[in-house]
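What follows is the structure in structure tokens.
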């Protein structure tokens, strides 16, 4: 899943925790790359109880990690569809090279 703001793809981390952050936008789980995390206005959903943006979305529910509040996510039919993000240039070549490495092709 790419970054919802810039479309950057997540790469394998060296070791330890990933620098990418999860968030909820329009009641859908999104990823935020380290560069976009530096922005102050990420336009993420916030908890109606405590105003925290530390939310997770799973199985049709949104949960606040700060206060524990849980609510049902609205139907995806009522939400605006996400704006399409064009794949980064060279993506198909990278995928082909990765498949060749995994499948042992020369």
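Residue numbers (this note's numbering): 46 to 151. The beta carbon of each residue, even a glycine, is placed where N, CA and C say it ideally should be. As the structure is a prediction and not an experimental result, all values here were calculated from the model.
- For residue 107, the enclosing beta strand (DSSP E) covers residues 106–109.
- Under the 8 Å Cβ criterion, the region 89–96 counts as touching the region 107–117, having at least three qualifying pairs.
- For the 8 Å CB-CB criterion, residue 100 and residue 90 form a contact.
- In this structure, residue 78 sits near residue 48, with a CB-CB distance shorter than 8 Å.
- The straight-line gap separating the alpha-carbon atoms of residue 107 and residue 149 is approximately 42 Å.
- With contacts defined as CB atoms closer than 8 Å, residue 81 and residue 50 qualify as a contacting pair.
- Apart from the 5 residues on each side of it in sequence, residue 115 sits with its Cβ closer than 6 Å to the Cβ of 106, 108 in its chain, given in chain order.
- Taking 8 Å as the cut-off, the Cβ atoms of residue 70 and residue 57 do not count as close.
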